[in-house]
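Input: a single structure, listed below in structure tokens.
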Amino acid sequence: MSTASTPLETLVDLAREARDQAGQALAGERASERQVAGQLESLGRYRLEYAQRLQQAMREGIDPATMRNYQRFLDSLDDALARARQALAAQQQRVGQRQAQWQQEQRKLSSYDTLVSRRAMQQNLKEQRRELRASDDLVNGRLIRERHASSDP
0 MSTASTPLET
10 LVDLAREARD
20 QAGQALAGER
30 ASERQVAGQL
40 ESLGRYRLEY
50 AQRLQQAMRE
60 GIDPATMRNY
70 QRFLDSLDDA
80 LARARQALAA
90 QQQRVGQRQA
100 QWQQEQRKLS
110 SYDTLVSRRA
120 MQQNLKEQRR
130 ELRASDDLVN
140 GRLIRERHAS
150 SDP
């Protein structure tokens, strides 16, 4: 963090740091979301492959015990898929929360940046007015000297 010379600059630095931390947290949640989605996809593919094996076994003829084993395993895969979908939904919710937090921190930073810009504009306007007064004073002083010089015999 840079050394801020005014309280407003300190607030800007703190807001920038908070926004950056929120962005890092958001990136972490998004990475987790991709991982959970990948696991769900892999599990879905495995379930499909296993169901296809069952179909093949049924075409070739299968005994009732093996059929029950296939069915129990497919049921357990369906349960795992349901849990994985819930995990993905929960992760997506966390991503949404982190996104909202990042947006809030970004709005705060933007507000402070706006204040800094307004303050700078006010300083520039004061400086321009000061320079104009100084210039006017110089001109007026010269005019007064010229009048005094012309009125002297």
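Read in order, the letters of the sequence shown correspond to residues 0 to 152 in numbering that gives the first Met the number 0.
Glycine residues also receive a C-beta, built at the ideal position from the N, C-alpha and C atoms.
Inter-residue CB distance, residue i and residue j (contact presumed, cutoff 8 Å)
i	j	result
ALA56	TYR45	No, ALA56 and TYR45 are not in contact; Cβ-Cβ is about 16 Å, not under 8 Å.
LEU108	ALA26	About 17 Å; that fails the 8 Å criterion.
ARG97	GLU28	5 Å
GLN90	GLU32	5 Å
Residue burial classification, residue i (beta-carbon count within 10 angstroms, cutoff 16)
i	result
ARG146	exposed
ALA21	buried
ARG117	exposed
VAL11	buried
GLU104	buried
ARG18	buried
Straight-line gap, residue i to residue j (C-alpha atoms, nearest Å)
i	j	result
TYR111	GLY37	40 Å
ARG58	ASP74	20 Å
PHE72	TYR49	9 Å
PRO6	ALA24	27 Å
GLN121	ASP136	22 Å
GLN34	ALA86	11 Å
VAL138	ASN123	22 Å
SER4	ARG132	28 Å
LEU114	ARG82	48 Å
ARG106	ARG84	33 Å
ASN134	ALA148	Reading off the sequence shown, one finds Ser at residue 134, where the question assumed Asn. When rounded, the distance between both Cα atoms is 21 Å.
ASP77	ALA30	25 Å
PRO63	GLN51	17 Å
GLU130	GLY140	15 Å
ALA119	THR9	16 Å
Residues of its chain near residue i, where Cβ-Cβ distance is below 8 Å and the 5 sequence neighbours each way are ignored
i	result
LEU80	LEU39, LEU42, GLY43 and ARG46
ARG67	none
Sequence-distant residues of the same chain with beta carbon closer than 6 Å to residue i, five excluded per side
i	result
LEU53	TYR69
CB contact below 9 Å: residue i versus chain B
i	result
TYR49	Here chain B cannot be found, since the structure has a single protein chain.
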